[in-house]
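Written below as C-alpha cells is the structure these notes are about.
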Amino acid sequence: MSANVIEEVIFDVEKRVERLLYVPDTDKNLVPFILKPLQREYLRRAMRPESRRRVILKARQVGMSSVIQARNYTAAMLTPNMNILVATQDDDTKSIFRARARLHYENLRAVGLGPEKATDNEYEMVFPQLNSRIVFRTATESAGRAYTFHRVHATEVAFWKNAGRSLAGMLESVPETGEMDIESTPSGPYGAFYNLVMSTQGLTMDNDDDVPWELIFYEWWREPRYISTPTPNLFASLTEREEWLMREKGLSLEQIAFRRAKWAELTALGDDQVLPEREFVEYLETAFVYG
Numbered sequence: 000m001s002a003n004v005i006e007e008v009i010f011d012v013e014k015r016v017e018r019l020l021y022v023p024d025t026d027k028n029l030v031p032f033i034l035k036p037l038q039r040e041y042l043r044r045a046m047r048p049e050s051r052r053r054v055i056l057k058a059r060q061v062g063m064s065s066v067i068q069a070r071n072y073t074a075a076m077l078t079p080n081m082n083i084l085v086a087t088q089d090d091d092t093k094s095i096f097r098a099r100a101r102l103h104y105e106n107l108r109a110v111g112l113g114p115e116k117a118t119d120n121e122y123e124m125v126f127p128q129l130n131s132r133i134v135f136r137t138a139t140e141s142a143g144r145a146y147t148f149h150r151v152h153a154t155e156v157a158f159w160k161n162a163g164r165s166l167a168g169m170l171e172s173v174p175e176t177g178e179m180d181i182e183s184t185p186s187g188p189y190g191a192f193y194n195l196v197m198s199t200q201g202l203t204m205d206n207d208d209d210v211p212w213e214l215i216f217y218e219w220w221r222e223p224r225y226i227s228t229p230t231p232n233l234f235a236s237l238t239e240r241e242e243w244l245m246r247e248k249g250l251s252l253e254q255i256a257f258r259r260a261k262w263a264e265l266t267a268l269g270d271d272q273v274l275p276e277r278e279f280v281e282y283l284e285t286a287f288v289y290g
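Quick note, the sequence shown lines up with residues 0 to 290 if you use numbering that gives the first Met the number 0.
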C-alpha cells in the first residue's frame with residue numbers, strides 16, 4: 000500500500016471503510032463493507048465539528064451500529080490517545096460487538112496497518128504503541144467511570160435497565176471535544192432514550208433551548224433491503240396512508256408491499272410490546288406508541 004493511499008485511508012473514514020474493511024453478509028460470508036446511503040450520511044454528519052452529541056432514533060437493522068463501530072474501532076487502531084467505550088444492552092450483544100472489533104483489526108493488519116495489541120479480552124483491546132484502547136461494557140451505572148473516553152457508542156439504549164443512571168456516568172467521562180452516539184430503536188414513551196429524543200424537540204418539562212443533543216432520525220424505508228414483490232392487486236387496494244407514503248415520501252410499490260407484510264406479520268403475534276410502529280419507525284409522533 001503506497002504512502003498516499005495510507006494517508007487517504009487514515010484521514011478519510013469513508014475510504015477507510017470501503018477499501019479496507021469486511022463485514023459478514025446475511026449468509027455469514029465476509030464481503031467488502033460497501034456503505035449504504037444512510038451510513039454514508041451518518042459519517043458525513045459525524046465529521047462536522049459541531050456534531051458531538053448524537054441521539055439516533057432508527058428502524059431496526061438499518062446498519063447504524065455497524066458504521067459507528069467501523070468508524071470508532073478503526074480510529075482507536077490508527078489514532079494516538081484515543082479511548083473508545085462501547086456500551087450494550089446485554090452480554091450477548093457485547094460479544095457480537097467485540098467480535099466485530101477483532102474482525103476490523105484483522106482487516107487492518109492484513110494490509111500492514113494497525114498496532115500490536117497488549118490486551119485482547121472480553122472487556123478491552125489495548126494498543127500501547129498508540130496509548131489507545133477500546134472498552135466493551137454491558138450498561139451499568141459504573142460502565143463509563145474507569146477512563147476518559149473520546150468516543151462513546153451506546154446501543155439500543157431504550158432497552159437498558161436504569162438507562163439514565165448508566166448514561167450519567169458515561170456522559171461525565173466524555174470531554175467537551177469528545178463524541179457520543181446514543182442509538183436505539185424505540186420502546187415506549189418513557190425512559191432516558193425517550194426523554195433525550197423529546198429534548199431535541201423542545202418537549203421536555205424544562206423546555207431548555209440549549210439542549211446539546213442532535214437528533215438523527217432514520218425511517219425504515221432508508222434501508223434498501225426493505226422491499227417485497229407486490230401482489231397483482233396491490234395498487235388497486237392502497238390505503239389512504241399508503242397513498243400518502245407513496246406521494247409524500249416517495250415510497251415504491253415494492254416498499255409498500257414490504258410494509259404490508261411486516262405490519263401483518265408483527266400484528267399477528269398479538270404482543271402489545273412488539274409493534275410495527277416501533278420496529279419499523281416512520282414518524283417521530285408514532286415511534287413511541289403504547290402497546
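Yeah, the Cβ is synthetic: ideal placement off N, Cα and C, and Gly gets one too.
query	result
Start-to-end residues for the alpha helix (DSSP H) that takes in leucine 172	Strictly speaking, residue 172 in this sequence is serine, with leucine absent from that position. Taken as a continuous stretch (DSSP letters only), the alpha helix (DSSP H) holding serine 172 covers 162-172.
Residues near aspartate 90 by beta carbon distance below 7 Å, same chain, minus five either side	Thr137
Cα-Cα separation, glutamate 278 to serine 1	45 Å
Exposure label - isoleucine 67; buried when at least 16 CB within 10 Å	buried
Which residues DSSP lists as bridging glutamate 222, in chain order	DSSP lists no partner for glutamate 222.
Cβ-based burial, asparagine 130 [other Cβ within 10 Å; buried from 16]	exposed
Where methionine 204 sits in the DSSP three-state scheme	At methionine 204 the pLDDT is 45, less than 50, meaning the model places this residue with poor confidence; the figure from the coordinates comes in the next sentence. Correct three-state label for methionine 204: coil.
Contiguous alpha helix (DSSP H) assignments of at least 4 residues, all confined to the stretch 233-282	239-248, 252-266, 275-278
Residue interval of the alpha helix (DSSP H) (run including tyrosine 72)	63-77
Per DSSP, cross-strand counterpart(s) of proline 23	Leu29
Of the residues Arg224, Pro223, Thr199, the one placed nearest phenylalanine 216, counting alpha carbons only	Thr199
Secondary structure of histidine 152, DSSP reduced to three states	strand
Host beta strand (DSSP E) of serine 131 (start-end)	131-137
Helix, strand or coil at lysine 35 [DSSP, three-state]	coil
Short Cβ contact (8 Å threshold) for alanine 142 with glycine 190	no
Supposed contact pair leucine 20 and asparagine 106 - C-beta distance, whole angstroms, cut 8 Å	5 Å
CA-to-CA distance, isoleucine 133 to alanine 145, given in whole angstroms	12 Å
Coarse secondary structure for serine 183, derived from DSSP in three states	strand
Best match in Leu42, Asp24, Ile33, Ser65 for proximity to phenylalanine 10 [C-alpha to C-alpha]	Leu42
Candidates Ala69, Ile33, Lys57, of which the one nearest proline 185 by Cα	Lys57
First through last residue of the beta strand (DSSP E) which encompasses alanine 109	Premise fails: alanine 109 is in no beta strand (DSSP E) and is neither H nor E.
Contacts around asparagine 206, its chain only, beta-carbon distance under 7 Å, and the 5 residues preceding and following it disregarded	Per-residue confidence for asparagine 206 stands at a pLDDT of 47, beneath the threshold of 50, marking its modelled position as unreliable; the derived number appears in the next sentence. Taken in chain order, the list of residues that qualify is empty.
Chain-order list of residues whose beta-carbon lies under 8 Å from that of glutamate 253 (same chain, five-residue window excluded)	Ile226, Ser227, Thr228, Pro229
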